[in-house]
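These notes concern the structure reproduced below.
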Ligand code: ATP
Ligand code: MG
């Protein structure tokens, strides 16, 4: 370590929000160059290479072959897939000296498809699986938490090419299994959750998430079965349809000064119901009100926005991300005052579904608004609400869409038990792309009967740089990093603590012997105090620490386990075999 290019820091970097960012900077693993752009220093690069090694081994094990594409891609290729436009501001675009447009690849579906098209032509060539480990560029709106969400980052992306849907299923499963092995070997605690397709369109889609409080992704898991989904893809059990035969006819109520659902509920419970001809009114809560949120949508390629009203129970919020995930590739956002002004029939604050079909405004309800259920909702007039408005009797929505923000305690769609909400980091993604790219680029194979067969693809990604940070996030403790064995920059950190030459000499001898036996050693031969060396050993997080110090006089060295904190003295003569045993997990 006296010559290692490493400076550890005592203080946290000012911009660090999460532990992994703090510790990777303090431990000298990475250094920031610009927002979302980092350099990897020697120790960091060792961890990064370990992640890559495990990924390469598991990709090879499923017969995937490594290739390497350029990051710099001509515009035409992304124009052909529509992603030059679809990717929006997240794409880094640049111009060459001849004024031709280029981009820095955010993923490489197009190039993989074109490459295979150029080389293969017969059904006998398939199936095929290719991957690369390469730098990607995305101008993320919020680069965050160090290398966890970078604007330049390393990804393993692979693609499978099959002749049939069954073939794709097999390839998808092989990748899913490989990912399980990758994340287990690296020492992750992970969950596989259902996901919706992103900008790419397709069917089967699952994410590998590392649960951690600082994670950006919210996901839901069942408290009793193994159902798990991200909140964009989650489905919840819906209550049974209700019988509305006992519900009174709907009535319009005067409800001035009820700008919020709380004030509306209060006014309902004080209402002079007799005057409205209702003899035994129920007690109302926010859950009895139907909230109608005005949004706008725009189909891909369309110029104009269209209004969309979504109805949810008044005690629930609308989850825009969940909606967006289901409407994709149609865009959706909150409607503004201008959109509302174009439809005078919509009375802000008093919108009810009774009128929407007449106004020809598309209306979707969350499945919690079941057939036959009765609601208090807007009466489409200033200062008026309507009660006992029944779905199927007083209004009929154009359809259903899961719109409510999922809450702890919502019911599992599979088994009905309570769902729990947790946060996680997306480590990887397996995704059955289907024929979209093959059709766009004309990737076909000549079948046995001489007719062309369109190829079906899968796309699979692992965030390599993100994995380093996610692992740090999941495994660190209050003293520093705490690497699982496969990812660790070294197997053992050798810490001589005496000032005398003999101690250092003995440590060097041990290091030489360990290295000769294939052990990866980090030797702290710096002229620093034992306190500094111990603190750095804790910070750096090498799994085994071997201290050569005071005990040497009695022929003893101290073996420490970084994770458990366990320490014990071992005879010098057994030090090497004890380290070996620790490495092999004995
Ligand atoms: P996210 O939802 O986190 O933005 P994504 O769904 O856009 O990710 P994919 O296109 O599925 O990501 O990319 C595959 C993998 O690449 C992800 O699972 C993640 O591990 C990694 N990754 C994506 N974006 C970033 C980033 N900005 N920085 C680091 N790693 C990333
Ligand atoms: Mg993804």
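In the numbering used here, the protein residues as written are 568 to 1153. Backbone N, C-alpha and C define an ideal beta-carbon position, used for all residues, glycine too.
Item, Value
"Residue 940 and residue 809 closer than 8 Å at C-beta", "yes"
"beta-carbon residue 813 near the ligand ATP non-hydrogen atom, thresh 7 Å", "no"
"Three-state secondary structure assigned by DSSP to residue 767", "Confidence at residue 767 is low in this model, with a pLDDT of 39, below 50, so its placement is unreliable and the value that follows should be read with caution. Residue 767 falls in the coil class under three-state DSSP."
"Limits of the unbroken alpha helix (DSSP H) element including residue 1035", "1031-1042"
"Cβ-Cβ separation, residue 1109 to residue 1063 (assumed contact under 8 Å), whole Å", "About 15 Å separates the two Cβ atoms, so there is no contact after all."
"Residue 837 burial status per 10 Å Cβ neighbour count (16 or more: buried)", "exposed"
"Span of the alpha helix (DSSP H) around residue 1143", "1142-1150"
"Residue 804 versus residue 650: straight-line alpha-carbon distance, rounded", "36 Å"
"First and last residue of the uninterrupted alpha helix (DSSP H) at residue 958", "Run containing residue 958: none; DSSP gives neither H nor E here."
"Residue 696, buried or exposed, once every other Cβ within 10 Å from all chains shown has been counted against 16", "buried"
"Check: residue 615 C-beta below 7 Å from any heavy atom of the ligand FMN", "Here the bound small molecules are the ligand ATP and the ligand MG; the ligand FMN is not part of this structure."
"For residue 702, the nearest candidate out of 569, 719 and 952 (CA to CA)", "719"
"Residue closest to residue 887, alpha-carbon to alpha-carbon, out of 962, 875, 900 and 623", "900"
"Check: residue 1028 C-beta below 7 Å from any heavy atom of the ligand ATP", "yes"
"Check: residue 742 C-beta below 7 Å from any heavy atom of the ligand ATP", "no"
"Residue 669 versus residue 646 - alpha carbon distance", "11 Å"
"Simplified DSSP state of residue 904, which is helix, strand or coil", "helix"
"Distance cut-off 7 Å: residue 620 Cβ against heavy atoms of the ligand ATP", "no"
"For residue 641, the first and last residue of its enclosing beta strand (DSSP E)", "639-641"
"Cβ-based burial, residue 622 [other Cβ within 10 Å; buried from 16]", "buried"
"Strand pairing of residue 755, partner residues [DSSP]", "Paired residue(s): none; residue 755 is not in a bridge."
"Beta-carbon proximity check, residue 906 vs residue 874, cutoff 8 Å", "yes"
"Residue 692 (DSSP reduced to helix, strand or coil)", "helix"
"Three CB pairs or more closer than 8 Å across the stretch 784-796 and the stretch 909-916", "no"
"Cα-Cα separation between residue 1149 and residue 1111, rounded to whole angstroms", "7 Å"
"Three-state secondary structure assigned by DSSP to residue 1061", "strand"
"Nearest neighbour of residue 736, chosen from 1044, 1113, 1145 and 1000 [CA to CA]", "1000"
"Anticipated Cβ contact below 8 Å, residue 590 with residue 1043, distance rounded", "6 Å"
"Residues bridged to residue 1024 [DSSP beta-bridge criterion]", "728 and 1001"
"Check whether residue 739 and residue 771 have beta carbons under 8 Å apart", "yes"
"Inter-residue spacing [alpha-carbon to alpha-carbon] between residue 848 and residue 815", "10 Å"
"Candidates 682, 1147, 1008 and 1036: closest to residue 612 by CA position", "1036"
"Residue 664 - partner residues in DSSP beta bridges", "In DSSP, residue 664 forms no bridge with anything."
"Where residue 1133 falls, given that 16 or more other Cβ within 10 Å makes a residue buried", "exposed"
"Pairwise C-alpha distance: residue 707 and residue 714", "12 Å"
"Beta carbon of residue 1086 nearer than 8 Å to that of residue 1058", "yes"
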